[in-house]
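Here the working numbering is used: the first residue of the sequence shown is 61, the next is one more, and so on.
Presented below is the structure to which this report refers.
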Amino acid sequence: MASHVLVPLDGSPLADDALAHALDTFDCPVTVLNVVTPLDEGMSEGGILDTDESREDAARDRAETLIERARRQAEAVDRDLDTVVETGDPAETILEYVDDHDVDHVVMGGHGGAKSDLASRLLGTVATVVVGEAPVTVTVVR
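Written as structure tokens, this is what we have:
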């Protein structure tokens with residue numbers, strides 16, 4: 061049985077399902093992690109979008125909204141939840157968190173939605189990397 065479960069949150073319905081699964085299945089500490097991805101020239105349609113403070117502030121506000129929603133979800137089933145917001149590449153940040161915090165199980169949403177939806181494809185990519193590289197068991201909720 062797991063002793064520390066990590067649930068990466070990205071705001072997708074599957075991430076919410078992953079959290080519900082983790083809270084229902086594991087009787088151990090659960091940590092939710094939201095990774096704020098900094099926008100740089102490599103991610104912005106050839107540098108068309110400028111990086112700016114307002115875009116970064118909006119991403120941080122969204123992260124806090126996701127974390128608060130997760131807290132309410134845990135409270136509804138009378139569970140405590142640890143919460144973390146990090147900045148970086150989502151897959152790398154998740155893997156680093158696993159290594160640095162004695163996580164022994166990851167529960168995350170897989171991709172969903174239309175294949176043309178960029179966010180869905182990125183989430184699928186993150187899940188694929190984490191499944192392939194994590195040194196612990198990963199459960200992908202679909």
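Each residue gets a CB set at the ideal place from its N, CA and C atoms; glycine is no exception.
From residue i to residue j, what distance separates their C-alpha atoms?
i    : j    : result
V163 : R132 : 22 angstroms
V186 : C88  : 25 angstroms
A82  : T197 : 13 angstroms
G170 : E113 : 30 angstroms
V90  : L66  : 6 angstroms
A62  : P150 : 23 angstroms
DSSP three-state label for residue i, please.
i    : result
P68  : strand
G148 : coil
V96  : strand
State yes or no: is the C-beta of residue i within less than 8 angstroms of the C-beta of residue j?
i    : j    : result
T143 : I127 : yes
V137 : N94  : no
Using only alpha-carbon positions, find the residue among the options that is nearest to residue i.
i    : options                   : result
A78  : H165, P195, E193 and G192 : H165
R139 : D84, S72, A119 and D149   : D84
V92  : P73, I154 and V191        : I154
A119 : E193, V191 and G71        : G71
I'd like to confirm something about residue i: is its beta-carbon nearer than 7 angstroms to some heavy atom of the ligand MN, or not?
i   : result
L79 : Absence of the ligand MN from the depicted structure is noted, as is the absence of any ligand whatsoever, leaving it without description.
Counting contacts by CB-CB distance shorter than 8 angstroms, is residue i in contact with chain D?
i    : result
E146 : Here chain D cannot be found, since the structure has a single protein chain.
Problem - Whole runs of the alpha helix (DSSP H) within the region 118-171, excluding any shorter than 4 residues - result: Taking only runs of at least 4 residues, the alpha helix (DSSP H) segments lying wholly in the region 118-171 are 150-160.
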